[in-house]
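Enquirer: Encoded as structure tokens, here's the structure I'll be asking about.
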Amino acid sequence: MASLTVHPDRLLPAEPAVRDIARRLYAAVRDLPIVSPHGHVDPAILLEDAPFADPTSLFIQPDHYVTRLLHAGGVGLDQLGVKEGPLPEERARAAWRLLCRNWALLRGTPVRYWFDSELAEIFGVRERPSADNADALYDQIAEQLAGPDHRPRALLRRFNIDVLATTDDPADDLEAHARLRDDPDITTRITPTFRPDRYLEPARTGWADGVKRLGEVADVDVGNYAGYVVALEQRRRFFVEQGAVSADHGHADAVAAPLERAEAERIYRESLAGQVSEGEATAFRRHMILEMARMSCDDGLVMTVHPGVRRNHHPDTFARYGPDTGHDIPIATEYTDALRPLLDRYGTHPNLHLVLFTVDPDVFAREIAPLAGFYPSVYIGVPWWFLDSPAMIRRFQESVTEIAGFSRLSGFIDDTRAFCSIPARHDMSRRLDAGFLASLVAEHRLDEDEALDTITTLVTDQPRKVFKL
Amino acid sequence: MASLTVHPDRLLPAEPAVRDIARRLYAAVRDLPIVSPHGHVDPAILLEDAPFADPTSLFIQPDHYVTRLLHAGGVGLDQLGVKEGPLPEERARAAWRLLCRNWALLRGTPVRYWFDSELAEIFGVRERPSADNADALYDQIAEQLAGPDHRPRALLRRFNIDVLATTDDPADDLEAHARLRDDPDITTRITPTFRPDRYLEPARTGWADGVKRLGEVADVDVGNYAGYVVALEQRRRFFVEQGAVSADHGHADAVAAPLERAEAERIYRESLAGQVSEGEATAFRRHMILEMARMSCDDGLVMTVHPGVRRNHHPDTFARYGPDTGHDIPIATEYTDALRPLLDRYGTHPNLHLVLFTVDPDVFAREIAPLAGFYPSVYIGVPWWFLDSPAMIRRFQESVTEIAGFSRLSGFIDDTRAFCSIPARHDMSRRLDAGFLASLVAEHRLDEDEALDTITTLVTDQPRKVFKL
Amino acid sequence: MASLTVHPDRLLPAEPAVRDIARRLYAAVRDLPIVSPHGHVDPAILLEDAPFADPTSLFIQPDHYVTRLLHAGGVGLDQLGVKEGPLPEERARAAWRLLCRNWALLRGTPVRYWFDSELAEIFGVRERPSADNADALYDQIAEQLAGPDHRPRALLRRFNIDVLATTDDPADDLEAHARLRDDPDITTRITPTFRPDRYLEPARTGWADGVKRLGEVADVDVGNYAGYVVALEQRRRFFVEQGAVSADHGHADAVAAPLERAEAERIYRESLAGQVSEGEATAFRRHMILEMARMSCDDGLVMTVHPGVRRNHHPDTFARYGPDTGHDIPIATEYTDALRPLLDRYGTHPNLHLVLFTVDPDVFAREIAPLAGFYPSVYIGVPWWFLDSPAMIRRFQESVTEIAGFSRLSGFIDDTRAFCSIPARHDMSRRLDAGFLASLVAEHRLDEDEALDTITTLVTDQPRKVFKL
């Protein structure tokens, strides 16, 4: 049976002298608490603190990073229990066996890297998963999950997470957050995030009902555009009161473009009547992005932008399993012209923090870093989603720091719904920061004391500053 | 006189510990037989087994990788005998001298790397080409070409090629393939490839005549759209019977988009009458790509796509020398939206294998790897043409394996019409695979036994699986 | 106090064996004279040879590379005296203190790298700038600037610059150049560059007045299109007589597209009347780019193209400070189709040298290198502006040399208005060339004698050949 080991030097540069520097830099930040200002962990998990049901519901079912790779390798999403909730043990075991049998599919991916860390460091697994040991590993993990040390709150403490942001619907009452905040057992700051996408896209199914509900929770008449804007402002204010620090936006493009007031009112009216065209809906959403920036200047919510993904690429899978099931595919996305109207109005506003993410590696050097290298409001979101992986992070580091320096980076964001992967993801980032900074020191571009200061800032101060924590 | 040497460690990583790992990985695959599932070698060369006429007709005239670099350096294509067939000795020698005198133009390119390997390993050349030794080298190579050990079949044996795919016109009778298959002297499987481009683009010169001829060889009335489709289906079936495993498509873009049946019929009718517009012709071709995918699901031919090149960029050179003369230039190409209708219909069909190539390095990480990381039908074509070079292959490896793992790769494809470069190209790929996997081992991201398994799979099983060999 | 040191091995590869090779290659070119065929130094500085006023007017005020990073970090451009001319000492000192206090903002950027070299090598600074030593450093530099060894001509001699190109308005009388040429004290060849952008864009503010003035200095009636063309031809000829070797073009895109003569005449007429639309103005400019290429074939001026930047992105900053104040942001730019009409007509003309620059790193491999790998007129401009930095230069080297070899490179271009940064920029390029070539030698892709010949050619012969010096 092959062993599973996590080497202390993993991901550090291979060249011995550079590795030595990297080791020293990494050692300085390895054990610092985690600040996670953007992610998708469900706060109910922490509120309820119920044991995780089994390895499959923990590692496979909710994580489209994992299921997409298995699906590409020929495993049906039905076999993995995607979007099903807890499975009967036989099915959970069968799904786990599929993962272990197809372990080779993950080679070279960060999913494999995170898995190694999680299995070894959280569950003490010492064998590489395979068809042969799948059941034994299942039992080993399941047993631990049933015990007190692997319940959500115990893990939260063990993960040493100072701040954990969730992602929430603007109509959410944030009751879970309030209760977590009041719970003396929870020392992590668990902060909600305002994610209004579906309220800003009037051509989406269910938009009118959603807006109606938003009006109800805001106690505002949303029968006209003015009320709709007020409702959004009120919900943002409520989120701020409940500890939110940012609003997250994930549309097909990054365009912000103003509409005449009367035109916005007209489209809103027709949208409520179910008569909006695709073009009008897009124009309205681009206008509302500008409104969101205006509100951020007012209420201080950091504005994060995650554009450029064609969601639900495979209609049949979407029909059967719904969204977030592994077939969101990036598209080329423009930022320079797209954001110009927004930056024209608010780019130097002291209250605006605009964090730009992309899944197009070419855009980092061509557009995002030059924007962040001038506008004091613009920060460079670290590699996101498909790009949150070692080589891409290295390319990112090279592409943006030469153009904008280190001070324009967002700090690491894990963006994960896989709770147990949070420490592994942050650790990967710290190792790669150490390796990159070590290469600058080895090439005499930076002194080691500066590299040490830089990596410490990246891990601690920078996310707090960018996300106003 | 400077020597020409091919170092046993060439292309392996410079860092000694990584190189050691790479050496072990490379040693495991160095001598494995070659599987070449896509290329442009003329089967007549092997059928006739005539000696190659001279170094110029072997190395220069047919190879636009070489002639374009000399042309950029100021050498006229006429001086190189491009598209002329065998030259009188004085002109062949003159062309060879131009190559040797301009040897420095090739520095840093893979052409130079392949040349070094071919000259040293096939012809025993020990001196770096230059103006001074051009004639001596010409004589040395010409003498060997005249002998029995350097005739095409002798080289085929020596190159240890298990499978060699050619690229063929759908109207071809594949007589050469049949005779090669029946020849006990040939142990390589030489398989034709269905390349229907010109029959799918009704605005191309000669389209109607081509379609007419296709109808004749298929014995089908192509006077209407239905017959045209049947003729294509029949020719595909004939190719399958003759051992073809794939159909190759190289259009300006990757778009697949359905037409209403009546519209397809109308455009077909008007195309036959010579009245098709550019826009209609493009719409028709995009519709036919969808038809090709449908047929692939039926007859099992692997679908390879090579889009995104502006062919024959320089009109004057095209007028004088025809196509494939070094001035095909890449353009930005979109895959995510372009292929959506095709993947909507056939993306999870068990019979479809869709191999996506690109000459735009940015597309690997942004679109192709994410598609291949979900759709079980999609494979990532290795770096093609301008990108089939060490640094680009490394960037490719990093870009795609982190997103989609190793199992979604096509395996190496040489795509060459330069027969003698086949071993050098495959060897380059194996060295770069060894180097990349060694770096993963050195960074403790993969165990060495896994790297060994991966490189062996990439060289042997993966192309056989992807191309159904 | 932290020390400031410039290590002899800076930027050379970290791996010891590769570094050894790189050292030898670098040593061969380290002290060779500088050839700078494109830049923005004001010739009046050299003509007048007045001492530089103070560190701020030398290092900060004129350099948008510096001021943009400080602005992104929260420093107002007004605090830095941008576009103000010499500042009173207290304000100059205050600006300098802001730079020193924010020194960490520059970490990882080439600006920092150049600064280190300039401070250490020109001014003997031995301490890393900080809030604490800002005043002492100011005094140290100011004192030297007041002395004879740091006046412009003294520095020019010390920098060992053989050729220095300026960038000039077509209506300029080039009096400064004539006087510098006649001055026996100046041994550097100081050559003007024809930069006609604003005369080719009829929708720009002041276009008609500019054209009128151009007609006056050319002594040509520019009341119609024919006269306008003649005026441009005459001014180019005048520039050639005054030693110019190139014409530089920096428009929003790279498109060259012919207009019918009558259409060009019509747009010109309406432009003079102030009635041109944006679309017509763009069409006219694209037509004129083709005319510029025609003129280059006639008069031999090398044509350099710097497209793909959205100038003056932030309207408010533009209104307050004017152009070149740090908010020019790249946009995606197409070359393959854009330049086809130009290359169709002139691509193989023996007089045309067309040097293509980009700020989009993806375009190097996808479009520019393939074009330069066929057309003998096309040269690959080295990384420009945001890309003139170590990692981007390395990516460039890998991207283009494998596709087009070394002979298609422009040689290094500093493109700077920061006079003191010229040696540091050329030195950075030489170090990176040495490192890249060393990696090819270490991987046995090139022999060391070839690498030595290549780097020497790149530093000396190549810019002279490409720019016809």
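Chains as they are written, first to last, in our numbering: chain P, 2 to 470; chain C, 2 to 470; chain S, 2 to 470.
Just so it is clear, CB atoms sit at the ideal spot from N, CA and C, and this is done for glycine as well.
1. Thinking T57 (chain P) and L88 (chain P) are a contact (beta carbons under 8 Å), I'd like their distance in whole angstroms, please.
2. I need the boundaries of the beta strand (DSSP E) containing S37 (chain S), first residue and last residue.
3. So, is S278 (chain C) buried or exposed, given that buried needs 16 or more other C-beta atoms within 10 angstroms?
4. Looking only at C-alpha atoms, which of S:T188, S:A274 and S:D174 sits nearest to R237 (chain S)?
5. Take D338 (chain C) as the anchor and find which of C:S400, C:I142, C:D416 and C:P371 has the nearest alpha-carbon.
6. Applying a beta-carbon distance threshold of less than 7 Å, which residues of chain C neighbour P316 (chain P)?
7. If we ignore side chains and look at the alpha-carbon of each, how far apart do V467 (chain S) and L100 (chain S) end up?
8. So the alpha helix (DSSP H) T457 (chain P) belongs to, where does it begin and stop?
9. Could you tell me whether the segment 59-78 of chain S touches the segment 391-410 of chain P, using the rule of 3 or more Cβ pairs below 8 Å?
10. Of all Cβ atoms in chain C, is any one closer than 8 Å to the Cβ of L357 (chain P)?
11. Report the three-state DSSP secondary structure of R31 (chain C) (helix, strand or coil).
12. Tell me which same chain residues have a C-beta within less than 6 Å of the C-beta of G216 (chain P), skipping the five on either side of it?
13. Does the beta-carbon of P130 (chain P) have 16 or more other beta-carbons within 10 angstroms, so that it is buried, or is it exposed?
14. Could you please tell me which residues of the segment 437-456 of chain C, in chain order, have their CB closer than 8 Å to any CB of chain P?
15. State the start and end residues of the unbroken alpha helix (DSSP H) segment that holds S430 (chain P).
16. Does A255 (chain P) have its Cβ less than 8 Å from a Cβ in chain C?
17. Which residues in chain S have a C-beta closer than 8 Å to the C-beta of L12 (chain C)? List them in chain order.
18. When the Cα of G436 (chain P) is compared with those of P:L260, P:E85 and P:R395, which residue comes out closest?
19. Could you spell out where the beta strand (DSSP E) holding A248 (chain P) opens and where it closes?
20. Can you give me the C-alpha to C-alpha distance between D133 (chain C) and L165 (chain C), rounded to a whole angstrom?
21. Would the segment 439-455 of chain P and the segment 137-156 of chain P be scored as touching if the rule is three or more Cβ pairs under 8 Å?
22. Kindly identify the DSSP beta-bridge partner or partners of I330 (chain C).
23. If we cut at 8 Å on Cβ distances, does D184 (chain C) have a partner in chain P?
24. Quick check: does the Cβ of F375 (chain C) come within less than 7 Å of any heavy atom belonging to the ligand SAM?
25. Would you check if the distance between the CB atom of L26 (chain P) and the CB atom of G109 (chain S) is smaller than 8 Å?
26. Do L59 (chain S) and T318 (chain S) have their CB atoms nearer than 8 Å?
27. In this structure, what does DSSP give as the bridge partners for T194 (chain C)?
28. Do we get a CB-CB distance below 8 Å when we pair V360 (chain S) with the residues of chain P?
29. Taking only runs of the beta strand (DSSP E) that begin and end inside the segment 277-308 of chain S, which ones reach a length of at least 3 residues, in chain order?
30. Look at Y347 (chain C) and R295 (chain C) and say whether their C-beta atoms are less than 8 Å apart.
31. So, do the segment 287-304 of chain C and the segment 325-337 of chain C have three or more beta carbon pairs nearer to each other than 8 Å?
32. Starting from L357 (chain C), trace the beta strand (DSSP E) both ways and give me its first and last residue.
33. Relative to chain P, which residues along the segment 399-419 of chain C have a C-beta separation below 8 Å, given in chain order?
34. With T402 (chain P) and L33 (chain P) assumed to form a contact (beta carbons below 8 Å), what rounded beta-carbon distance in angstroms separates them?
35. Assuming L12 (chain P) and E444 (chain C) make a contact with CB atoms under 8 Å, what is their CB distance in whole Å?
36. Could you tell me which chain S residues have their CB closer than 9 Å to the CB of R311 (chain C), listed as they occur along the chain?
Expert: With the structure as the only source:
1. 6 Å
2. I35 to S37
3. exposed
4. S:D174
5. C:P371
6. D345
7. 38 Å
8. E449 to T457
9. yes
10. no
11. coil
12. V223 and A232
13. buried
14. S440, L441, A443, E444, H445, R446, L447, D448, D450, E451, D454 and T455
15. I423 to A443
16. no
17. E444, H445 and R446
18. P:R395
19. S247 to H250
20. 37 Å
21. no
22. C:R311
23. no
24. Inclusion of the ligand SAM in the displayed structure is not the case, the ligand content being empty and no account of it being possible.
25. no
26. no
27. C:S247
28. yes
29. 303-306
30. yes
31. no
32. L355 to L357
33. E399, S400, T402, E403, I404, A405, G406, F407, S408 and R409
34. Actually they are not in contact, since the Cβ atoms of T402 (chain P) and L33 (chain P) sit about 21 Å apart, beyond 8 Å.
35. 5 Å
36. T337, D338 and R341
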